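Q: Quick one: the structure is below, questions incoming.
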Amino acid sequence: MEASFEFEAEVRSETGTRVARRLRRELKIPAVLYGGEEQPLPLVLSKPQVDKNLEQEAVYSHILTLKIPGQAPVQAILKEVQRHPSKEAVLHLDFQRVYADEEIRVHVPLHFVNEDTSVGVKKGGIVNHHMVEVEIACLPGQLPEFIEVDLANLDVGESIHLSELKLPEGAKVVELLHGADAPVVTILPPRVETETGESGEGEEAAGEA
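What follows is the structure, given as structure tokens:
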């Protein structure tokens, strides 16, 4: 069953750094809802529900429901999560309103399958991931939860590029709109230790002795 996410939020009348710090001490997370023709709306959410929802990878690539007292439920995406640089604690959330007929841009995770049984890995190759997510442009109804990347037939020295990703109909990779068909994953040749490197360490060790 496909995941669904709801956030209960309240409108906050006060804004600013001091207010945000006070809210976080009270186990609340400041947020903002923007998008469309409406003015940005400052919100506050409870920290426990935010932490619980953010534990799931799917929340970042789903259409979410914001429930605000006195208003109809709002459909939105989680556009940005600001975290403390060292503690990883959530400091602020940015939500963007979505409309069925308006294109959105969302970073969608890549799920790599058949890595261990791929042609290249069976030959001793090493899987090198160039990216773990990709920005997609699409209508809300076309938004995938994740994009599967199948490595089964990938051989040593071969790559899968952005243009080869299988997307829902109508969805586009943003980077390709700028003409950059970058590799997503590559299988590198097996590492080979050279005798020169090993003997060099031995000579250095002998010199130190």
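Take the sequence shown: its letter number 114 is residue 119 in the working numbering, and every next letter is one higher.
All residues carry an ideal CB built from backbone N, CA and C; glycine is no exception.
From a predicted model like this one, the values you see are computed outputs, not experimental measurements.
(1) Once you ignore the five residues that flank A211 on each side, which residues in its own chain have a CB closer than 7 Å to its CB?
(2) Which value, in whole angstroms, describes the spacing of the CA atoms of V86 and V124?
(3) Name the residue from G130, A63, A176 and A81 whose alpha carbon lies nearest to the alpha carbon of V103.
(4) Drop a sphere of 10 angstroms on the beta-carbon of P45, count the other beta-carbons inside from all chains shown, and report buried for 16 or more, exposed for fewer.
(5) So P53 is in the alpha helix (DSSP H); what residue range does that whole segment cover?
(6) Can you tell me whether DSSP reads E150 as helix, strand or coil?
(7) Which whole-angstrom value is the C-beta distance of L69 and L83, which I expect to be below 8 Å?
(8) Should E138 and H112 be called a contact, given that it needs their Cβ atoms to be closer than 7 Å?
(9) Alpha carbon to alpha carbon, how far is M6 from R196?
(10) Would you kindly work out how many angstroms separate the C-alpha atoms of L48 and D160, rounded to a whole number?
(11) Closest to G184 by C-alpha separation, out of E43, L167 and L193, would be which residue?
(12) By the 10 Å Cβ neighbour count, where 16 or more other Cβ atoms means buried, how is H89 classified, buried or exposed?
(13) How far does the alpha helix (DSSP H) with T20 in it extend, from its first residue to its last?
A: Quick answer:
(1) For the purposes of this step, residue 211 is identified with residue 206 of the sequence shown, where counting begins at 1. Confidence at A211 is low in this model, with a pLDDT of 45, below 50, so its placement is unreliable and the value that follows should be read with caution. Correct list: empty, nothing qualifies.
(2) Looking up residue 86 in the sequence shown gives position 81. Looking up residue 124 in the sequence shown gives position 119. The straight-line gap from Cα to Cα measures roughly 38 Å.
(3) Stepping through the sequence shown from its first residue, residue 103 is reached at position 98. Measuring from the Cα of V103, the nearest candidate turns out to be A81.
(4) Mapped onto the sequence shown, residue 45 falls at position 40. Under this definition P45 is an exposed residue.
(5) For the purposes of this step, residue 53 is identified with residue 48 of the sequence shown, where counting begins at 1. Segment K52 to L59, the alpha helix (DSSP H) holding P53.
(6) Residue numbering aside, residue 150 sits at position 145 when the sequence shown is read from its first letter. Here E150 sits in coil by DSSP.
(7) Along the sequence shown, read from residue 1 onward, the residue named residue 69 stands at position 64. Along the sequence shown, read from residue 1 onward, the residue named residue 83 stands at position 78. Confirmed, about 6 Å.
(8) Indexing the sequence shown from 1 puts residue 138 at position 133. Indexing the sequence shown from 1 puts residue 112 at position 107. Yes, these two residues count as a Cβ contact at 7 Å.
(9) Residue mapping note: residue 6 aligns to position 1 of the sequence shown, counting from 1. Residue mapping note: residue 196 aligns to position 191 of the sequence shown, counting from 1. Annotation note: pLDDT 42 at M6 (below 50); position unreliable, no value reported.
(10) Numbered from its first residue, the sequence shown carries residue 48 at position 43. Numbered from its first residue, the sequence shown carries residue 160 at position 155. So the two alpha carbons sit approximately 50 Å from each other.
(11) Indexing the sequence shown from 1 puts residue 184 at position 179. The option with the nearest alpha carbon to G184 is L167.
(12) Sequence index remark: in the sequence shown, residue 89 carries index 84 (1-based). So H89 ends up on the exposed side.
(13) In the sequence shown, counting from the first residue as 1, residue 20 sits at position 15. Per DSSP, T20 belongs to no alpha helix (DSSP H) and is neither H nor E.
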